[in-house]
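Here's the structure we're looking at; comments come further down.
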Amino acid sequence: MAVTALIPWYGSDRMVVEELTEHLKGCSWVGVPCAGGMAALKYITARTVVVNDLHRHAINLARVIKDKDLFPQLIETAASLPFHPDVLAEAQIKARHYQGKLGDSPNLAAAIAYFVAVWMGRSGNAGTPAEFKGKLALRWNAGGGDSNIRYRSAIAAAEEFHAILQRCTFSTLDIFEFLDLVKDEAEHGLYIDAPWPGAGDKYLHTVENEFHAKLSLRLLDFQKVRLVVRYSDHELVRGLYPEREWRREHRIGRDQANQGKGELLVIRN
Numbered sequence: 011m012a013v014t015a016l017i018p019w020y021g022s023d024r025m026v027v028e029e030l031t032e033h034l035k036g037c038s039w040v041g042v043p044c045a046g047g048m049a050a051l052k053y054i055t056a057r058t059v060v061v062n063d064l065h066r067h068a069i070n071l072a073r074v075i076k077d078k079d080l081f082p083q084l085i086e087t088a089a090s091l092p093f094h095p096d097v098l099a100e101a102q103i104k105a106r107h108y109q110g111k112l113g114d115s116p117n118l119a120a121a122i123a124y125f126v127a128v129w130m131g132r133s134g135n136a137g138t139p140a141e142f143k144g145k146l147a148l149r150w151n152a153g154g155g156d157s158n159i160r161y162r163s164a165i166a167a168a169e170e171f172h173a174i175l176q177r178c179t180f181s182t183l184d185i186f187e188f189l190d191l192v193k194d195e196a197e198h199g200l201y202i203d204a205p206w207p208g209a210g211d212k213y214l215h216t217v218e219n220e221f222h223a224k225l226s227l228r229l230l231d232f233q234k235v236r237l238v239v240r241y242s243d244h245e246l247v248r249g250l251y252p253e254r255e256w257r258r259e260h261r262i263g264r265d266q267a268n269q270g271k272g273e274l275l276v277i278r279n
């Protein structure tokens, strides 16, 4: 069972991210202001990548996995834990304890708790208010995938991300604060996968429709930066990103029930 994301994020881009990041080839600097599960980082080849998200647990985990001293401790601990309901429950308690208390330095204990909570927990809950809730998914028949194998595969994927994250620096800014710091220069790129209209209501950090209008206008301020924005194929998005200003590409992703779902990729420069 291959794992391609650092975190099993709700609404993950992992099914389409390889082809959509093709539009960022040739960029020497790329900003990712809504990093989420970070599946895109595997395919972004820029020399410098700035990874941002308001979700401090996600950024803290990435920083610990990047760290050459802390990373082996995380892997050793995660690999040694049995796949057991008590282990998940304890990790959820610890992760909730650290929420709102993560500071400027990478926190190993919080990273271990978060990794266990989201990978032993139900897939696709990360980034939502339910990420530290729910019980262990125990299989009582041979059908479907095995959650323990998924957890062990996530540990193996973390080892690959240790190398990927060496090119990355991290921040936990509001997206508009982040965009205000981006230099409008050639060979710079932005990959934006913000919460979607409707579906985005399920995230821990939700946004209103006014957010999408503000974002579309703010992005038009960039004259040189290559812009790649992933959205659902929603009437609000089609109105905010007209074809006279943007190139639009349709994709088929997957929803939480593994059903095909229309996506819209809007590109500029």
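So for the sequence shown, this note's numbering puts the first residue at 11; every next one is plus one. By construction, the Cβ of each residue, glycine as well, lies at the ideal position given by its N, Cα and C atoms.
Three-way DSSP call (helix, strand, coil) for residue i in this model
{"i": "residue 247", "result": "helix"}
{"i": "residue 239", "result": "strand"}
{"i": "residue 200", "result": "strand"}
{"i": "residue 148", "result": "coil"}
{"i": "residue 276", "result": "strand"}
{"i": "residue 100", "result": "helix"}
{"i": "residue 223", "result": "helix"}
{"i": "residue 129", "result": "helix"}
Identity of the residue in the options nearest residue i by Cα
{"i": "residue 129", "options": "119, 45, 160 and 100", "result": "160"}
{"i": "residue 136", "options": "186, 202, 112 and 67", "result": "67"}
{"i": "residue 258", "options": "235, 33 and 17", "result": "33"}
{"i": "residue 179", "options": "220, 77, 93 and 150", "result": "77"}
{"i": "residue 105", "options": "94, 115, 140 and 89", "result": "140"}
{"i": "residue 174", "options": "35, 26, 55 and 12", "result": "55"}
{"i": "residue 95", "options": "224, 196 and 157", "result": "157"}
{"i": "residue 244", "options": "47, 272 and 191", "result": "272"}
Per DSSP, the bridge partner or partners of residue i
{"i": "residue 39", "result": "58 and 198"}
{"i": "residue 179", "result": "60"}
{"i": "residue 259", "result": "275"}
Same chain only: Cβ atoms within 8 Å of residue i, ignoring 5 sequence neighbours per side
{"i": "residue 222", "result": "204, 207, 246, 247 and 250"}
{"i": "residue 84", "result": "74, 75, 118, 121, 122, 125 and 168"}
Same chain, Cβ closer than 7 Å to residue i, neighbours up to 5 away in sequence not counted
{"i": "residue 267", "result": "Here residue 267 scores only 47 on pLDDT, less than 50, and its place in the model should not be relied on; the value that follows carries that caveat. Answer for residue 267: no residue qualifies."}
{"i": "residue 194", "result": "232, 233, 234 and 235"}
Pair within 8 Å by beta-carbon distance, residue i and residue j
{"i": "residue 59", "j": "residue 74", "result": "no"}
{"i": "residue 40", "j": "residue 241", "result": "no"}
{"i": "residue 185", "j": "residue 37", "result": "no"}
{"i": "residue 275", "j": "residue 30", "result": "yes"}
{"i": "residue 98", "j": "residue 131", "result": "yes"}
{"i": "residue 5", "j": "residue 177", "result": "No information on residue 5 is available, as it lies outside the stretch 11 to 279 that the chain covers here."}
Check: residue i C-beta below 7 Å from any heavy atom of the ligand HEM
{"i": "residue 29", "result": "Among the ligands in the structure shown, none appear at all, so the ligand HEM cannot be discussed."}
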